[in-house]
Structure formats: C-alpha cells, structure tokens
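K.L.:
Numbering (the working numbering), first residue to last: -10 to 268.
(1) For the beta strand (DSSP E) containing residue 170, name the first residue and the last one.
(2) Should residue 193 be labelled buried (16 or more other beta-carbon atoms within 10 Å of its own) or exposed?
(3) Entirely within the region 1 to 48 and at least 4 residues each: give me those alpha helix (DSSP H) ranges in chain order.
(4) Tell me, which residues are paired with residue 65 by DSSP?
(5) Thinking C-beta only, is residue 59 closer than 9 Å to residue 86?
(6) Nearest to residue 89 by alpha carbon, out of 103, 189, 71?
(7) Beta strand (DSSP E) containing residue 108: first to last residue?
(8) Is the beta carbon of residue 155 within less than 8 Å of some heavy atom of the ligand ATP?
(9) State the DSSP-derived secondary structure class of residue 223, mapped to helix, strand or coil.
(10) Within its chain, find whatever has a CB closer than 7 Å to the CB of residue 236; leave out the 5 residues flanking it on each side and keep chain order.
(11) Looking at C-alpha atoms only, which residue of 34, 22, 7 is the closest neighbour of residue 50?
(12) Distance, Cα to Cα, residue 177 vs residue 83?
(13) Identify the continuous beta strand (DSSP E) that holds residue -1 and give its terminal residues.
(14) Taking DSSP's pairing of strands, which residues face residue 273 in a bridge?
(15) Put residue 134 into one of helix, strand or coil per three-state DSSP.
(16) My understanding is that residue 75 touches residue 100, with C-beta atoms under 8 Å, so please give their C-beta distance in whole angstroms.
(17) Are the beta-carbon atoms belonging to residue 30 and residue 12 less than 9 Å from one another?
(18) Is the region 19 to 27 touching the region 37 to 53, taking contact as three or more C-beta pairs under 8 Å?
(19) Have a look at residue 68 and residue 154 and give me their C-alpha separation to the nearest angstrom.
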C-alpha cells in the first residue's frame, strides 16, 4: 500500500494484519477507537508509521517500523491513549522510535528499539505507564523526557530494560545490573535544547562531557531511572525467531497447497487414462 492512509475513526474491534504500508503520512491512524489490534504489519518511509489518538485498548504486536524519517517523524506516536499494549515490535532507524503524550495506563514491553535518532520520547504528561523488558540499542539518544517522569514506571517486578550504553555489572548473577541505569546525561540535555548537538554524538567532546557529568552532576534536568537494568538483549533474537516462524508457516502452507494440486492433477490424469484405455 503506497500513497494512501489507513484511517480507522470511531472503529471498534477491528484487526489489521499482514500489510506493508509506505510512502504516506500516517501508515495506520486510529482515532476515537476502542478494542482494536494490529500485528505483523510493516511500516516504512512514512511521516508516522502508526498514529494512535484518543483511543483505548489498542493491542500492537509483532510490527516493524523502519525508516520513518523527517522533522518530527515517528515510528509510532500516542496521543491521549489509554490501557493499550505495545509488545514485541521492532523500531529501527526512525527519527523518533516511539512518542507518547497525554497517555496513561499503557504497557510497553519486549520491544526492540534500535538505531533511531531518539529511541523513545516520553513526555511528562504521561502517567501510570509500565515500560519494561524492552531493548534500547545504539540509539543516538536512548530516551528523551521533557519533565521528570515519576508517573511512569520503567520496570515491572525486578525486570527493567536492556540498555546498550549500560556499563554496570551483575555480581549476583540474576540477569540485572547491580546499579541503576540513568538515561538523561548532560549531553542528552544539550541535544534536547539544541538539536544540532546530535552532530557531535560519540565525539571526544561529548564523551568528556558525559564523564565529567557523572563525576560532578551540576546540570539539573529530567532523567529516566531504571533500577533493574537487564544485562542481556533477548528481544531482537526472539523477534527474528518469531518472524522466521511465521515465514516457515507460510512456506509450509504453500508447500502443502502445491502438493495438493499435484495430487489432484495426478488423480485427474489417472482417471482420464483409465477411461481411455478402459474403452
């Protein structure tokens, strides 16, 4: 699907599955919709892969959001969304992987958020969200918050998230780091205030500023604290295995149908031959 937009306004109990949507404004746009799901879809090269607004109980699973780029472009964004689940999705190489504003009671878990400019943008107007067992991998800025996000929880039980920039250790061998992970360095603060600072990511100056900030934190800013950072990324592997399973199922179905056609043609041929020689 290209050059179009899938808009579901005031639609309830729908399922959107197995689509490839690219080159449009919103790949999928829910508004004032309740109890819907979309899964196994591929969204690329859109302004926003999915835009979910003023909706409740939306289930998003096993989707791929890739290369949705541009000024304020998103893999997916939430605006006033409640009681929804975002699970086992891949957000790769988007300007912003996930954006959430004025939303509450949502669960983000087991998502792979990799190599985006900003992995996840969570505004302070959110509350009661639970964000855990996600993998934040090599994003220029892992998480961006504009206020202290004390109303959201970045763990569940004793399971936090995997952060590729976490350098802690696991002495107790329970799979989680022994020290908290803090997202929101001084350099992240400057990138939020002055976006062109992203040009200097991974530069010696940026690394020096981050090191000094850890030793002498003098800049007050919002940050995300994960008390149980995970030491191993399991999501990207599980996601790929899930995609391979779906591909195998489709290949198996195609093989079965081809075999069935061959058998039917063989039976037809045998019937014709027996009829001809039976005469």
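Every residue, glycine too, gets a C-beta built ideally from N, C-alpha and C.
P.N.:
In short:
(1) Taking the chain shown and counting its residues from 1, one reaches residue 170 at position 181. From DSSP, the beta strand (DSSP E) with residue 170 extends over 170 to 172.
(2) By one-based count along the chain shown, residue 193 stands at place 204. Per the 10 Å Cβ criterion, exposed.
(3) none
(4) The count along the chain shown starts at 1 and reaches residue 65 at position 76. In DSSP, residue 65 forms a bridge with 39, 87.
(5) As a working note, residue 86 is residue 97 in the chain shown. As a working note, residue 59 is residue 70 in the chain shown. Not closer than 9 Å, so no.
(6) By 1-based counting over the chain shown, the position of residue 89 is 100. It is 71 whose Cα lies nearest to the Cα of residue 89.
(7) The sequence position of residue 108 within the chain shown is 119, counting from 1. Residue 108 -> beta strand (DSSP E) spans 107 to 111.
(8) Among the ligands in the structure shown, none appear at all, so the ligand ATP cannot be discussed.
(9) Locating residue 223 in the chain shown gives position 234, where the first residue counts as 1. DSSP places residue 223 in coil when its eight states are reduced to three.
(10) The count along the chain shown starts at 1 and reaches residue 236 at position 247. Confidence at residue 236 is low in this model, with a pLDDT of 47, below 50, so its placement is unreliable and the value that follows should be read with caution. For residue 236, where only same-chain residues beyond five positions count, there are no Cβ hits under 7 Å.
(11) Numbered from 1 along the chain shown, position 61 holds the residue referred to as residue 50. When only C-alpha atoms are compared, the closest one is 7.
(12) Within the chain shown, the letter at position 188 stands for residue 177. Within the chain shown, the letter at position 94 stands for residue 83. Distance between the alpha carbons of residue 177 and residue 83 is about 18 Å.
(13) What you label residue -1 is simply residue 10 of the chain shown in a count that begins at 1. Segment: none, residue -1 is in no beta strand (DSSP E) and carries neither H nor E.
(14) With the chain represented from -10 up to 268, any question about residue 273 goes unanswered, as that position is not in the structure.
(15) Walking along the chain shown from the start, residue 134 turns up at place 145. Correct three-state label for residue 134: strand.
(16) Against the chain shown, residue 75 aligns to sequence position 86. Against the chain shown, residue 100 aligns to sequence position 111. About 6 Å; that satisfies the 8 Å criterion.
(17) As a first step, residue 30 must be located in the chain shown, where it is residue number 41. As a first step, residue 12 must be located in the chain shown, where it is residue number 23. No, the pair does not count as a contact, with Cβ atoms beyond the cut-off.
(18) Touching, yes, given that three or more Cβ pairs across the two stretches are closer than 8 Å.
(19) Counted from its first residue, the chain shown places residue 68 at position 79. Counted from its first residue, the chain shown places residue 154 at position 165. About 29 Å.
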